[in-house]
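If you're matching positions, the sequence shown starts at 8 in this note's numbering and goes up one per residue.
Built from N, CA and C at the ideal position, the CB exists for glycine as well.
Bear in mind the structure is a predicted one, so any value in this text is a computation, not a measurement.
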Amino acid sequence: MTTAFLDLSVVLYHPDPELLARSLDTIGAAADRLAAGAGVQTRLWIVDNGAPKGSDAATNPFQALLDRYAETGRPPVTLIAGQGNVGYGAGHNLAIRQGDAPYHLILNYDILLEPDALLAGWRYIEAHPRTVLLTPKVFGPSGEQEFLCKRRPTVLDLGLRAFAPGSVKRMFARRLDRYEMRDVTRDAVVTGLEQVSGAFMLFRRDALTRLGGFDDGYFLYFEDFDLSRRAMALGEIAYVPDVRMVHFGGKAARKGGAHIRMFARSALRFFNTHGWRLV
8 MTTAFLDLSV VLYHPDPELL ARSLDTIGAA ADRLAAGAGV QTRLWIVDNG
58 APKGSDAATN PFQALLDRYA ETGRPPVTLI AGQGNVGYGA GHNLAIRQGD
108 APYHLILNYD ILLEPDALLA GWRYIEAHPR TVLLTPKVFG PSGEQEFLCK
158 RRPTVLDLGL RAFAPGSVKR MFARRLDRYE MRDVTRDAVV TGLEQVSGAF
208 MLFRRDALTR LGGFDDGYFL YFEDFDLSRR AMALGEIAYV PDVRMVHFGG
258 KAARKGGAHI RMFARSALRF FNTHGWRLV
């Protein structure tokens, strides 16, 4: 019998080593559950965008951590480094081009997978051939649900969500709740989504290949929304709440001026590509 595989990629840029180690532990545990429950082996690519351009992967500061991970008998790890900081989407593209499994999982490092996350995702996408992209139910570190699926944004939606003070957000709470799909992405499967987060994107390989992966023109922010919107033309995007993870991510406004400028540039590219909606 031919062994089935799931490819998985994680992009790093000066990560918190402790959180990375915890994330790898949960990826390994979920991979073990996938192997036991479905006979599927996981292959992991770690892309270090924080390593200097031209540096050798063998001397990478995370190599020792990856070696310890591999020694546990967990999925094989390939480290990609030396390309410099090419951006989030372009970093994942380096790994996507090396894989050949029927499914590829794009993942943030700042997440903790539930033990059954990979198995539940595999079973759903195998059973639903029209699904080209799957997104999970996400929780914050304190246990509250995060709503990472989005409806098509307007400029006002993005400005409110990213930069408005709490008092203004409360005035537009109903509007923002609708943008974040809080009315539907709860405990039932939802299909026909428009935009999902790059923190976890389980793709059917043939669809991801046809799309050419991420648009390298997005350095950071909106690359996931752009890829989602392009994926809509190839099949269904599904929210599957049996697939669960914890997310430690933050917002652009909390990260300083450089991130705000990157956010603005990527938003401009997104709206120029997919059409402008102001309010």
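Tell me, which residues are paired with residue i by DSSP?
i    : result
R272 : Bridge partners of R272: none, in fact.
T280 : T280 is not bridged to any residue.
D55  : L19, A88
H111 : D14, F210
E153 : V145
L120 : M252
R159 : R159 is not bridged to any residue.
V197 : Y246
T49  : L13
Starting from residue i, trace the alpha helix (DSSP H) in both directions and tell me its first and last residue.
i    : result
M178 : 173 to 178
P24  : 24 to 45
F170 : 162 to 170
A214 : 212 to 218
A245 : Per DSSP, A245 belongs to no alpha helix (DSSP H); it is in the beta strand (DSSP E), 243 to 254.
L285 : Note, L285: premise wrong, no alpha helix (DSSP H); not H, not E.
F221 : Neither: F221 is in no alpha helix (DSSP H) and is coded neither H nor E.
E230 : 230 to 238
A77  : 70 to 78
Identify, in the order they occur along the chain, each residue of the same chain with its Cβ nearer than 6 Å to the Cβ of residue i, setting aside the five sequence neighbours on each side.
i    : result
N115 : A206
P109 : R212
G61  : G89
T198 : E243, A245
R284 : T161
D222 : D233
Return the chain-ordered list of same chain residues with a C-beta closer than 7 Å to the C-beta of residue i, the five sequence neighbours on each side being excluded.
i    : result
A238 : V139, L140, A214, L218, I244
R126 : Reading off the sequence, residue 126 comes out as Leu, not Arg. If we look at L126 and ignore the five residues flanking it on each side, its Cβ neighbours are R40, L41, G44, A45.
Is it right to say residue i is buried, meaning 16 or more other beta carbons lie within 10 angstroms of its own, or is it exposed?
i    : result
E151 : exposed
M208 : buried
M252 : buried
E121 : buried
H99  : buried
D164 : buried
Q202 : buried
L19  : buried
A274 : buried
S16  : buried
T142 : buried
R137 : exposed
T49  : buried
N56  : buried
R185 : exposed
Provide the residue span of the beta strand (DSSP E) that contains residue i, from first to last.
i    : result
S16  : 11 to 19
Y95  : Element bounds for Y95: not the beta strand (DSSP E) but the alpha helix (DSSP H), 95 to 103.
F146 : 138 to 146
Among the residues of its own chain, which have a CB less than 8 Å from the CB of residue i, if the five just before and after it don't count?
i   : result
R29 : L119
Three or more beta-carbon pairs under 8 Å between the stretch 187 to 198 and the stretch 225 to 241, yes or no?
No: the two stretches stay apart, fewer than three of their Cβ pairs being nearer than 8 Å.
Counting pairs of Cβ atoms below 8 Å between the stretch 63 to 83 and the stretch 173 to 186, do you hit three or more?
These segments do not touch.
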